Amino acid sequence: MIVCQNLYVTYRWRQEPVLKGVNGTFRGKSLILGPNGSGKTTLFRAICGLTNIKSGKILIDEKPIEEIYATKGVVSANFQDIYTLIDAKAFDLIRLYTDLAEGDPQLALKIIEDFGITADFLKKRKLSELSSGQAKIFCTALALAMKARHVLLDEPFEELDPARKGRMVNYLNEYEGVVLINTHETWLLKNLQDWEAFLMFEGILYGPLTVKDLLNARISMAEEPDSLLRLSLSGKTVSIIKGKGKGKLLTSLENLDKMYEIAEGLKT
Amino acid sequence: MTKYLWMNAKHLLTNPYLIFWSILFIEFWVFMWAYVFGAYIPPIEEAVRLYMASAYGNLLMLSLSGAAVTIASTLLYGSKSIRYVTKYTRLSPARFLIENFASALIVLLTISSVMFLSVIGVFHSKFGFTILPANAVGLVFSIFLGAVFIYALAFFLNSIVVVLRSPKSSSFIFFLPLIFAFTAYAALWVDFGNLAYVSPFNCIVSTCYYYLSGKAPPTGNLTSMAQNNRPLVDVNIALASLLAWSIILMVLDTLLLRKMRGISIEEIRTA
Chain A
1 MIVCQNLYVT YRWRQEPVLK GVNGTFRGKS LILGPNGSGK TTLFRAICGL
51 TNIKSGKILI DEKPIEEIYA TKGVVSANFQ DIYTLIDAKA FDLIRLYTDL
101 AEGDPQLALK IIEDFGITAD FLKKRKLSEL SSGQAKIFCT ALALAMKARH
151 VLLDEPFEEL DPARKGRMVN YLNEYEGVVL INTHETWLLK NLQDWEAFLM
201 FEGILYGPLT VKDLLNARIS MAEEPDSLLR LSLSGKTVSI IKGKGKGKLL
251 TSLENLDKMY EIAEGLKT
Chain B
1001 MTKYLWMNAK HLLTNPYLIF WSILFIEFWV FMWAYVFGAY IPPIEEAVRL
1051 YMASAYGNLL MLSLSGAAVT IASTLLYGSK SIRYVTKYTR LSPARFLIEN
1101 FASALIVLLT ISSVMFLSVI GVFHSKFGFT ILPANAVGLV FSIFLGAVFI
1151 YALAFFLNSI VVVLRSPKSS SFIFFLPLIF AFTAYAALWV DFGNLAYVSP
1201 FNCIVSTCYY YLSGKAPPTG NLTSMAQNNR PLVDVNIALA SLLAWSIILM
1251 VLDTLLLRKM RGISIEEIRT A
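Printed below as a string of structure tokens:
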């Protein structure tokens, strides 16, 4: 279980925080939806210990992350820059990281090959020489093969074709452990109906909701009394409401960047 | 030990920058020392021994300093990974430091051996006789100590860049070992006096010179023809200085490692 308590993160001193008091508990499989630049990736980086926390706390299995060192099997992630310990061939990186985390190199290879990338190809290329789509598959497969209790996947569907997106969804659904993915795409909600969902806008985390609720949710520009969530977008209040009626269906948006167009009253 | 140790050693040994700047480029200067600068050295064993000791000490110092630049750069590019693996894999910060140190040491000692064999070989071909170290064990010890210092310095410089989050300054900070090494190289013409003990780079040259030739080197102005009445380096003080520098830097390295959050490759590229 990952718990964030009133988390503030800034990248530089005196800069406006990227995360502004994030509170959330991630237990099972959770999805964080938010537009680009909303702080989703920063939240994941903070959980991985890759950014300075200005204030607040992150607890992983009740232990503050600043006290966690040399503990395998706790957190894995698909950030490319955590797999650059050595600028080696991609195949060697699988051997290295599964050795360090006592993960399963065969599982990593199986997933990667399932996405059409062969072991021979990985023996010839460095991670930095893979295309961005291949690198994303590679890092996601490696994160899943590290056998950690918590897997953080940053935009795992990015640059995948629809068939491969479906395959990736299957791997995520089958994974035993806490899986946290962030994305700005809404198409996948119907494939992850048993998951919890959070929304993230302007450095603030909203939720949780069930994905089932979110599938039927509509966006209203008014402060609705029975709203599922009330968001603040560029200073304007937007309500996420349940069921049929007024407002635009959330899943009808191609991605959540469009929320700002709705908030600004622009045609989407 | 994990796979990291050997994989990192292999990675560093096959690094083209390291091969060029620390081996091939310095090999060129081995030939220059033997055939061009050594043209006036009489082919007498004692004279050649002192001259070769000076050549090896100085060229080894430059070679290891070049390797320090590569080691610091690879650490910077892997800085995010270092943070991650020391938290969420079985590689603790201390264990990472030990394995990274051991792999770098393998590389630095390999470079030192290549330099040693080539100096022996090239000087043999120029002067017609083979000169072996007066104290082989002492020479190995002094090279080892020099390598430890160079590694500790490279790690420290990388830590400074990462902790200050200043990838832009890396192009200057990482070249400090070479800048200091060339300053120490000036001892061929300038007598640094007691400053020769303060500079660990001069200490590397002095200790290698001593164990290779069997004689203490002067504190500077090695190329001077006036050989008499020049102050000589106390090798024990030089060794103590090198050891002290290494220990201080290693302690700082250990402290700074926990402060490092890493710099992303994108940030390094755009700096």
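Here the protein sequences come in this chain order: A and B. Counting in my numbering, the first sequence runs without a single skipped number right up to 268 at its last residue. Counting in my numbering, the second sequence runs without a single skipped number right up to 1271 at its last residue. Glycine included, every Cβ here is placed at the ideal spot set by N, Cα and C. Quick caveat, the model's predicted, so the values are computed rather than measured.
query	result
Element boundaries [alpha helix (DSSP H), containing A197 of chain A]	Here A197 of chain A belongs to no alpha helix (DSSP H); instead the beta strand (DSSP E) covers E196 to F201.
Proximal residues of chain B, C-beta to C-beta of S132 of chain A below 8 Å	Result: empty, since nearest Cβ-Cβ is about 12 Å, beyond 8 Å.
Within-7 Å CB hit, T1070 of chain B to chain A	no
7 Å Cβ cutoff met for A1104 of chain B and I1071 of chain B	yes
V9 of chain A, buried or exposed, once every other Cβ within 10 Å from all chains shown has been counted against 16	buried
Rounded straight-line distance, which links the Cα of H184 of chain A to that of F1020 of chain B	46 Å
Partner residues on chain A for I1265 of chain B, Cβ-Cβ distance less than 9 Å	Q80, D81, T84 and S128
Which listed residue (A:V3, A:L189 and A:I112) has its alpha carbon closest to that of A164 of chain A	In the sequence as presented, Ala is not what sits at residue 164 of chain A; that position holds Arg. Looking at the Cα atoms, A:I112 is the closest of the given residues.
Y1151 of chain B: contacting residues in chain A (beta-carbon distance under 8 Å)	Neighbours of Y1151 of chain B on chain A: none; closest Cβ ~17 Å, over 8 Å.
Contact the segment 1187-1203 of chain B vs the segment 29-38 of chain A: 3+ CB pairs below 8 Å	no
Minimum C-alpha distance to F26 of chain A - residue among A:L209, A:E261, A:L215 and A:G49	A:L209
S1073 of chain B versus V1251 of chain B: straight-line alpha-carbon distance, rounded	21 Å
Ordered list of alpha helix (DSSP H) runs contained in the segment 1023-1067 of chain B, each at least 4 residues	1025-1031
Contact set between N52 of chain A and chain B, taken where Cβ atoms lie within less than 7 Å	R1261
G73 of chain A, DSSP secondary structure in three states	coil
Status (buried if at least 16 other CB within 10 Å, exposed otherwise) for M1001 of chain B	exposed
Beta-carbon neighbours of I68 of chain A, restricted to chain B and to distances below 8 Å	K1087 and Y1088
Minimum Cβ-Cβ distance from T1002 of chain B to chain A less than 7 Å	yes
Rounded separation between H1011 of chain B and L1075 of chain B - CA only	12 Å
Euclidean distance between Cα positions of S1142 of chain B and F1129 of chain B	24 Å
Strand pairing of Q5 of chain A, partner residues [DSSP]	A:K57
C-alpha distance - T140 of chain A paired with I1265 of chain B, whole-angstrom precision	18 Å
Backbone CA spacing between R1258 of chain B and K1080 of chain B [nearest angstrom]	12 Å
Within 8 Å of chain B by C-beta, residues of the segment 88-99 of chain A in sequence order	A88, D92, R95, L96, Y97 and D99
Members of the segment 1073-1102 of chain B that neighbour chain A once the beta carbon cut-off is set at 8 Å	T1074, Y1077, G1078, K1080, S1081, I1082, R1083, Y1084, V1085, T1086, K1087, Y1088, T1089, R1090, L1091, S1092, P1093 and R1095
First through last residue of the alpha helix (DSSP H) which encompasses N23 of chain A	Run containing N23 of chain A: none in the alpha helix (DSSP H); it sits in the beta strand (DSSP E), L19 to F26.
Residues in the segment 1007-1026 of chain B having any Cβ partner in chain A nearer than 7 Å	M1007, N1008 and H1011
Pairwise C-alpha distance: L142 of chain A and H150 of chain A	13 Å
Below-7 Å beta-carbon distance, K72 of chain A vs any chain B residue	yes
Whole-number beta carbon distance between Y1084 of chain B and C48 of chain A, since they are thought to touch under 8 Å	6 Å
Closer than 7 Å to chain B by CB, V178 of chain A	no
Cβ pair V1163 of chain B, M1260 of chain B closer than 7 Å	yes
Reduced DSSP category for T237 of chain A - H, G, I as helix; E, B as strand; rest coil	strand
Interface partners of V75 of chain A on chain B, CB under 7 Å	Y1088
Bridge-paired residues (DSSP) for Y206 of chain A	A:L199
The beta strand (DSSP E) enclosing D154 of chain A, as first and last residue numbers	H150 to D154
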